[in-house]
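Numbering (our numbering), first residue to last: 3 to 327.
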């Protein structure tokens with residue numbers, strides 16, 4: 003994973019009352035919204051090591067809770083209450099920050115590339131954003147889990163799919179320089195409770211991963227997206243991933259809004275089940291001191307996800323087998 007890539011670390015709404023704590027690549031951060039935009043610093047004052055996230059926002063700066071030193075978004079100490087003139091050499095470690103889609107993105111290592119928003123999904127209205135959650139899993143494991151159909155009838159039996167109603171389908175795998183996706187035919191439409199909310203129609207389903215850490219799921223009917231979800235994934239550490247998600251259902255009626263709320267409630271259970279199994283996986287990998295590298299024929303996206311996270315282009319498979327979903 004490139005530290006020069008931009009990853010979301012906080013929702014802008016969480017900064018209304020003051021600074022917020024975050025973590026990226028194992029580094030604790032303080033994120034705040036000031037008069038001149040957003041700031042991101044290492045969450046440690048260079049004076050005595052107090053956590054800046056316990057301080058307060060003072061105009062454009064963040065104030066340390068210990069001695070009141072104030073630091074701007076560039077890390078420069080702009081005021082020391084005990085001195086009439088502030089030494090110009092005092093700085094905190096600063097990182098570039100940018101806002102998009104209600105999230106604050108941070109870049110840990112500078113590059114020649116400014117922040118570029120990810121491509122938008124089709125606007126289908128009735129959008130809502132879930133609260134973020136941090137799960138004990140690597141970003142690669144988390145991304146694969148979100149986009150993997152073969153575990154859903156086991157871990158989420160009844161909610162997403164049912165093991166007794168598996169269908170044999172022929173998926174199609176596509177990829178580009180920094181993305182990979184698998185497209186399932188209408189016969190792969192899930193039979194669980196969540197899918198029933200959308201009626202008895204069948205949908206073409208696309209599961210996609212794009213750099214640097216975005217997982218997307220889209221349900222299409224007659225070529226038009228009816229339901230979509232986007233998951234922004236951030237590597238809090240090697241084995242912790244923070245997720246910011248967005249759900250969208252076509253329509254602006256009260257019924258559509260109700261469906262969004264019901265799906266959110268059901269997906270909270272799905273997320274808790276994924277959190278449990280991924281936590282067991284991570285604990286076991288640490289217990290054995292190694293991560294199995296087996297990629298089975300039905301693991302359509304994992305090799306591509308790993309390649310993208312290494313900064314490489316995914317390779318298209320010459321043979322995509324039929325699978326039961």
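Beta carbons: idealized from backbone N, C-alpha and C, even for Gly. As the structure is a prediction and not an experimental result, all values here were calculated from the model.
Residue burial classification, residue i (beta-carbon count within 10 angstroms, cutoff 16)
i: residue 90; result: exposed
i: residue 166; result: exposed
i: residue 156; result: exposed
i: residue 325; result: buried
i: residue 218; result: buried
i: residue 148; result: buried
Nearest-angstrom beta carbon gap, residue j and residue i [assumed within contact, 8 angstroms]
i: residue 264; j: residue 135; result: Not quite, the Cβ-Cβ distance comes to about 19 angstroms (not below 8 angstroms), so this is no contact.
i: residue 46; j: residue 53; result: 7 angstroms
i: residue 94; j: residue 73; result: 5 angstroms
i: residue 104; j: residue 15; result: 7 angstroms
i: residue 222; j: residue 206; result: 5 angstroms
i: residue 295; j: residue 211; result: Actually they are not in contact, since the Cβ atoms of residue 295 and residue 211 sit about 18 angstroms apart, beyond 8 angstroms.
i: residue 154; j: residue 300; result: Between residue 300 and residue 154 the Cβ distance is about 13 angstroms, and since that is not below 8 angstroms, they are no contact.
i: residue 20; j: residue 66; result: The Cβ separation is near 14 angstroms, so there is no contact.
Limits of the unbroken beta strand (DSSP E) element including residue i
i: residue 259; result: Counting along the chain, residue 259 falls outside any beta strand (DSSP E), though it belongs to the alpha helix (DSSP H) covering 256-290.
i: residue 304; result: Per DSSP, residue 304 belongs to no beta strand (DSSP E); it is in the alpha helix (DSSP H), 304-311.
i: residue 137; result: 135-137
i: residue 218; result: 216-223
i: residue 150; result: Segment: none, residue 150 is in no beta strand (DSSP E) and carries neither H nor E.
i: residue 296; result: From DSSP, residue 296 is part of no beta strand (DSSP E); its letter is neither H nor E.
i: residue 237; result: 226-239
i: residue 176; result: 174-177
i: residue 97; result: 96-102
Collapsed DSSP secondary structure at residue i in the structure displayed
i: residue 65; result: strand
i: residue 209; result: strand
i: residue 157; result: helix
i: residue 319; result: coil
i: residue 166; result: helix
i: residue 140; result: coil
i: residue 314; result: coil
i: residue 87; result: coil
i: residue 242; result: strand
i: residue 113; result: coil
| message | To test your reading of the DSSP string, which unbroken beta strand (DSSP E) runs of 3 or more residues are found completely within the stretch 5-47? | response | 8-13, 22-26, 29-36 and 39-44
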